[in-house]
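Inspection log for the structure reproduced underneath, given as structure tokens.
There are 2 protein chains.
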Amino acid sequence: MKVSELSRISGVSLPTVKYYLREGLLPPGRPMGRNQADYDESHLRRLRLIRALMDVGGLSVAGVRQVLHAVDDTAMPGHHLLGCAHEAIAGVSRADRGTAGWLAARAEAARLVAARGWHVHDRAPALDQLADAIAALRELGQEDMLTLLDGYAEAVEQLARREVGLVLARGDRAGMVEGVVTGTVLGEAMLTALRRLAQEHTSATTSP
Amino acid sequence: MKVSELSRISGVSLPTVKYYLREGLLPPGRPMGRNQADYDESHLRRLRLIRALMDVGGLSVAGVRQVLHAVDDTAMPGHHLLGCAHEAIAGVSRADRGTAGWLAARAEAARLVAARGWHVHDRAPALDQLADAIAALRELGQEDMLTLLDGYAEAVEQLARREVGLVLARGDRAGMVEGVVTGTVLGEAMLTALRRLAQEHTSATTSP
DNA sequence: GCCAACTAGATAGCAATACTATCCGCTATC
DNA sequence: GATAGCGGATAGTATTGCTATCTAGTTGGC
Numbered sequence: 001m002k003v004s005e006l007s008r009i010s011g012v013s014l015p016t017v018k019y020y021l022r023e024g025l026l027p028p029g030r031p032m033g034r035n036q037a038d039y040d041e042s043h044l045r046r047l048r049l050i051r052a053l054m055d056v057g058g059l060s061v062a063g064v065r066q067v068l069h070a071v072d073d074t075a076m077p078g079h080h081l082l083g084c085a086h087e088a089i090a091g092v093s094r095a096d097r098g099t100a101g102w103l104a105a106r107a108e109a110a111r112l113v114a115a116r117g118w119h120v121h122d123r124a125p126a127l128d129q130l131a132d133a134i135a136a137l138r139e140l141g142q143e144d145m146l147t148l149l150d151g152y153a154e155a156v157e158q159l160a161r162r163e164v165g166l167v168l169a170r171g172d173r174a175g176m177v178e179g180v181v182t183g184t185v186l187g188e189a190m191l192t193a194l195r196r197l198a199q200e201h202t203s204a205t206t207s208p
Numbered sequence: 001m002k003v004s005e006l007s008r009i010s011g012v013s014l015p016t017v018k019y020y021l022r023e024g025l026l027p028p029g030r031p032m033g034r035n036q037a038d039y040d041e042s043h044l045r046r047l048r049l050i051r052a053l054m055d056v057g058g059l060s061v062a063g064v065r066q067v068l069h070a071v072d073d074t075a076m077p078g079h080h081l082l083g084c085a086h087e088a089i090a091g092v093s094r095a096d097r098g099t100a101g102w103l104a105a106r107a108e109a110a111r112l113v114a115a116r117g118w119h120v121h122d123r124a125p126a127l128d129q130l131a132d133a134i135a136a137l138r139e140l141g142q143e144d145m146l147t148l149l150d151g152y153a154e155a156v157e158q159l160a161r162r163e164v165g166l167v168l169a170r171g172d173r174a175g176m177v178e179g180v181v182t183g184t185v186l187g188e189a190m191l192t193a194l195r196r197l198a199q200e201h202t203s204a205t206t207s208p
């Protein structure tokens, strides 16, 4: 397959495909001469994965590159991949990390996780993100929202069991690795979309 | 309070405060002369809300403006506010909306919502986002992930009931309105952070 | 064999976003 | 009455995610 075909089939413009090649998101095609290269199904698949991560998951080009490098690293054990995906999707962080208020929120996050018996690395980006949200709610005087945390934790614990089980059920490593990435990123998109829909339904039917 | 104090107390740089004033995120202070204005607690609070929405919720300046205008519109009924918040946080959309594959995914999303008995507006952005994710999973050959959808829906239905209940329990309209916004945006941040932590825990403890 | 169309690779340009810096004329305050 | 700070305006900057153009070489249809 020539690059123009790759572009046409995938729906990604030719300059953009070249950009992704330059940025190392898309591996180069098999060289067929000095200025010709051959692309195959794997390139098409990779291109679709890139677009899904960016458009649906909201990842940046740098984030996508990080995830894909982890995906391509065959020496990396499966559970490390999840951490890599989480690091790649960790977006902007609050400016006040390190202040007294934030550190208190961070301790609260660690306490919640410990109380659940969850074993997570102490430097997981999600712990900081949780602290960001807790600190923001406290600062805004909306601490009553924090009573929701336990329910959230209970729910995601159940969901995570099913998600991990589903991915581990896949026989091949390649499928598992891609499953981790898409499960993390696209699963999050599905969950938040459904949460919004549930909110609209509940709000509409229980409103005054 | 002078603008320099507002900046110092909030930790937001003076040029940035001026930028937010220009962009209409922060209402102007009460004029105290030709070149002096007075800011109060409400400005400080608003500033903190802006930073929370941007840093924790990942909203753009335009998104924040949209949300805040809805918050300030005292004529807007509560359940409309939720829709406004959802529109403001709807990020990038996929390019393939309108293709056959996407329309099928969109129909699937509508079907799922109907099967649950949820009543949501047919043009809710979350429906399109759900369709985006479903279409992406199908395109990547990961349709087995779709079996998780029912579990997600079940979980968020429970959560939404508690969230809406909590916000409605507030007496005053002003608190309710801010509760909707922070609940939507910061609640989402907490939920996704917890989901990632639960995934890491489950993956670490059930791995081979 | 010829020529238009395409190719890889390199470089430069562009639009949007979220600030940041500077200047101006004025004024509050010491 | 100096001077530090103010509001308002305008212009500049860094980053991101493309897009356009150029060079030099190759392919494919005739």
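Chains as they are written, first to last, in the working numbering: chain A, 1 to 208; chain B, 1 to 208.
Virtual Cβ for every residue (Gly too), placed ideally from N, Cα, C.
As the structure is a computational prediction, the values presented were derived from the model and not from experiment.
Within chain B, partners of residue i - CB distance below 9 Å
i: His201(A); result: Val113, Arg116, Gly117, Trp118, His119, Val120, Glu157, Ala160
i: Gly11(A); result: Ala95, Asp96, Thr99
i: Ala107(A); result: Result: empty, since nearest Cβ-Cβ is about 15 Å, beyond 9 Å.
Rounded distance between the beta-carbons of residue j and residue i, thought under 8 Å
i: Val212(A); j: Ile50(A); result: Residue 212(A) lies beyond the range of chain A shown here (1 to 208); nothing can be said about it.
i: Ala155(A); j: Ala155(B); result: 4 Å
i: Leu25(A); j: Leu68(A); result: 6 Å
i: Ala133(A); j: Ala193(B); result: 7 Å
i: Thr213(B); j: Gln158(A); result: A question about residue 213(B) goes unanswered here, because the residues of chain B that appear run from 1 up to 208.
i: Arg162(A); j: Leu148(B); result: 6 Å
i: Ala95(A); j: Asp55(B); result: 7 Å
Per-residue burial, residue i [other beta carbons within 10 Å of its own, 16 or more giving buried]
i: Ile9(B); result: exposed
i: Val92(A); result: exposed
i: Gly117(B); result: exposed
i: Thr74(B); result: exposed
i: Gly187(A); result: buried
i: Asp122(B); result: exposed
i: Thr182(A); result: buried
i: Ser203(B); result: buried
i: Met190(A); result: buried
i: Leu112(A); result: buried
For residue i, the first and last residue of its enclosing beta strand (DSSP E)
i: Gly33(A); result: 30-33
i: Asp38(A); result: 36-38
Neighbourhood of residue i by C-beta distance below 6 Å, restricted to the same chain and skipping five residues each side
i: Ala135(A); result: Gly101, Trp102, Ala105
i: Leu127(A); result: Ala109
Chain A residues whose Cβ lies nearer than 8 Å to that of residue i
i: Gly63(B); result: Near Gly63(B) there are no residues of chain A at all, since even the closest Cβ is about 13 Å away, more than 8 Å.
i: Met1(B); result: What Met1(B) touches in chain A: nothing, since even the nearest Cβ is about 17 Å away.
i: Val164(B); result: Gln199, Thr202, Ser203, Thr206
i: Val177(B); result: Within chain A, no residue comes near Val177(B); the closest Cβ sits about 12 Å away, beyond 8 Å.
i: Met76(B); result: Residues of chain A passing the Cβ test: none, with the nearest at roughly 13 Å.
i: Thr184(B); result: Arg196, Gln199
i: Gly91(B); result: Gly58
i: Ala124(B); result: Arg196, Leu197, Glu200
Own chain residues within Cβ distance below 8 Å of residue i, not counting five before or after
i: Ala115(A); result: none
i: Glu87(A); result: Gln66, Pro125
i: Leu47(A); result: Leu6, Ser10, Val12, Val17, Tyr20, Leu26
Chain B contact residues for residue i, given Cβ-Cβ distances below 8 Å
i: Arg138(A); result: Those do not exist, as Arg138(A) stays about 10 Å from chain B at its closest Cβ, beyond 8 Å.
i: Leu127(A); result: Ala193, Leu197
Residue range of the unbroken alpha helix (DSSP H) whose run includes residue i
i: Lys18(B); result: 14-22
i: Ser10(A); result: 3-10
i: His79(A); result: 78-89
i: Trp102(A); result: 100-115
i: His69(B); result: 61-72
i: Val185(B); result: 173-206
i: Gln129(B); result: 125-139
i: Leu159(A); result: 149-168
i: Glu143(A); result: From DSSP, Glu143(A) is part of no alpha helix (DSSP H); its letter is neither H nor E.
i: His119(B); result: Careful: His119(B) lies outside any alpha helix (DSSP H) and carries neither H nor E.
i: Leu26(B); result: Premise fails: Leu26(B) is in no alpha helix (DSSP H) and is neither H nor E.
Beta-carbon neighbours of residue i, restricted to chain A and to distances below 9 Å
i: Arg48(B); result: Ala136, Glu139, Leu140
i: Asp73(B); result: Going along chain A, no residue has its Cβ under 9 Å from Asp73(B), so there is no contact; the nearest lies around 17 Å.
i: His43(B); result: By Cβ distance, chain A contributes nothing, its closest Cβ being about 14 Å from His43(B), past 9 Å.
i: Leu82(B); result: Arg196, Gln199, Glu200, Ser203, Ala204
i: His69(B); result: Those do not exist, as His69(B) stays about 19 Å from chain A at its closest Cβ, beyond 9 Å.
Proximal chain A residues relative to residue i, where beta-carbon distance stays under 7 Å
i: Met190(B); result: Leu130, Ala133, Leu149, Tyr152
i: Val56(B); result: Arg94, Asp132, Ala133, Ala136
i: Leu194(B); result: Leu130, Tyr152, Ala153, Val156
Nonlocal neighbours in the same chain, by C-beta distance under 7 Å from residue i, ignoring five residues either side
i: Gly179(A); result: Val167, Arg170
i: Ala131(A); result: Trp102, Ala105, Arg106, Ala109
i: Arg30(B); result: Ala37, Asp38
i: Leu137(B); result: Glu143, Met145, Leu146
i: Leu44(A); result: Leu6, Ile9, Ser10
i: Met32(A); result: Asp38
Closer than 7 Å at the beta carbon, the chain B residues around residue i
i: Asp144(A); result: Leu166
i: Ala52(A); result: Ala136, Leu140
i: Leu103(A); result: By Cβ distance, chain B contributes nothing, its closest Cβ being about 15 Å from Leu103(A), past 7 Å.
i: Glu187(A); result: It is Gly, not Glu, that sits at residue 187(A) in the sequence shown. Met145, Leu148, listed in chain order.
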